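Numbering (UniProt numbering), first residue to last: 1 to 282.
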Amino acid sequence: MKNIINISITILMLFFIACLPSLFHNQKIDVSNLFIAIKDTFHSLLHPNSIVFENLKSGVKHDIFPFIIEPWVNSMTILFSALIISLLFSLIIAFLMYQSQVFHNIVMHINRVLSIVPDIFYIPVFISIIIFIYLKTQVLIFDVASSHEQNAVIFPIMLLLIIPITNSITVINQLLIAEREESYVSFARSKGLNNKEIFYRHILKNILTGYFINFKQIVWMTLSSLLFLERLLNVFGISVFIFDYNTPIVLFISFLLMYIPIRLLFFFAELYTKQTTGRSMS
């Protein structure tokens with residue numbers, strides 16, 4: 001029941017956020033225009049098959065469904081791929097850090113550097129490297145930006161990976177330090193277990209639980225970077241509808257399409273956390 005109430009409140013908030021830009025009309029605050037937008041948006045939701053958006057360049061109107069599905073799938077593919085790969089990669093790194101203090105120090109030094117560098121700096125660097133390799137070898141490793149013929153996916157995933165990986169390694173490192181000090185580690189060693197056995201039998205489960213408790217922060221930071229990345233690389237994603245076709249109804253549908261899969265992701269993470277610890281992620 002609590003989850004249903006929270007979801008309902010969140011959807012209601014997304015609805016009002018989508019309508020909020022209508023409060024500002026002709027460079028003035030217009031409350032009546034906001035209420036008109038709320039009424040029109042609610043009315044449109046009752047007739048989803050009639051919802052349209054207008055191409056600002058051509059003036060041509062299109063039905064939002066199923067047109068929005070492809071960019072939504074593109075965005076979710078990039079987002080979820082980055083989150084899943086970053087988790088798997090971070091767990092492998094965690095195991096190696098647990099095995100070697102030297103490797104641990106090297107990884108944390110690199111991670112600190114990447115953590116303080118904003119997206120706007122390292123993205124052009126990676127693009128320049130790809131272009132430089134192409135100019136020297138005539139081999140295009142990845143499409144660095146989308147075009148009408150080809151939608152770039154792999155390169156955006158690789159760039160977006162940096163955000164969840166740096167955050168995941170930071171979280172996992174803190175958990176790893178805490179686990180090293182637990183009494184069960186010394187007890188397991190006294191029983192003859194080596195580092196590999198201790199990690200896979202005990203530490204890995206605890207790290208995963210701690211990771212999912214901090215999961216929401218990682219997801220929201222990755223999502224915000226995704227929207228920026230889509231604009232920079234001209235990816236045909238959900239950001240097109242948020243920034244280019246930003247009428248209240250289009251904004252709300254875009255927000256809702258992003259919220260639903262992320263909420264499902266949080267649900268499964270919450271389920272895992274509660275089953276292992278009885279604790280909530282929030």
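Using N, Cα and C, we set each Cβ at its ideal position, and we do this for glycine too. Remember, it's a predicted structure, so these values are computed and weren't measured experimentally.
- Secondary structure of E182 (DSSP, three-state): coil.
- The alpha-carbon of Y134 is positioned some 52 Å away from that of N33.
- Sequence-distant Cβ neighbours of V250 in its own chain, meaning closer than 6 Å and more than five residues away, are F53 and F241.
- Residue pairing by DSSP places E270 opposite no residue, since no beta bridge is assigned to it.
- In the structure shown, the three-state DSSP call for D30 is coil.
- Linking N194 to E182 through their CA atoms gives a straight-line distance of about 16 Å.
- Looking at the DSSP output, D63 bridges to V52.
- At the C-beta level, F212 and Y272 come within 7 Å of one another.
- Residue pairing by DSSP puts F24 in a beta bridge opposite I29.
- Put simply, the backbone Cα of A82 is about 31 Å away from that of L20.
- Cα atoms of I85 and F243: separation of roughly 28 Å, rounded to the nearest angstrom.
- Here DSSP, grouped into helix, strand and coil, assigns M1 to coil.
- Boundaries of the alpha helix (DSSP H) around H109: Q101 to I116.
- Looking from the CA of N214, the closest CA among L160, L175, A188 and L229 belongs to L175.
- Y245 carries a coil assignment under DSSP once its states are collapsed to helix, strand and coil.
- Under the criterion of beta carbons closer than 8 Å, F103 and M97 qualify as touching, at roughly 6 Å.
- Here DSSP, grouped into helix, strand and coil, assigns H47 to coil.
- Within 10 angstroms of the beta-carbon of E270 lie 16 or more other beta-carbons, which makes it buried.
- Taking a C-beta distance under 7 Å as the contact criterion, I163 and I78 do not qualify as a contact pair.
- Just measuring C-alpha positions, the residue of F65, N206 and I130 sitting nearest V171 is N206.
- If you draw a straight line from the Cα of G210 to the Cα of I51, it comes to about 43 Å.
- In this chain, the alpha helix (DSSP H) harbouring N195 covers N195 to I198.
- Going by C-alpha positions, F267 is about 27 Å away from P66.
- Judged by their CB atoms, L14 and F228 are not nearer to each other than the 7 Å cut-off.
- Contact annotation: S239 and T166 have beta-carbon atoms that are not nearer than 7 Å.
- A residue is called buried once 16 or more other Cβ atoms fall within 10 Å of its Cβ, and E179 is buried on that count.
- Nearest neighbour of I198 by Cα position, chosen from I5, S224, A94 and I4, turns out to be A94.
- Taken atom to atom, the span from the alpha-carbon of L233 to that of G59 is near 24 Å.
- In the three-state scheme derived from DSSP, where H, G and I count as helix and E and B as strand, N234 is classed as coil.
- Here F252 is buried. Its C-beta has 16 or more other C-beta atoms within 10 Å.
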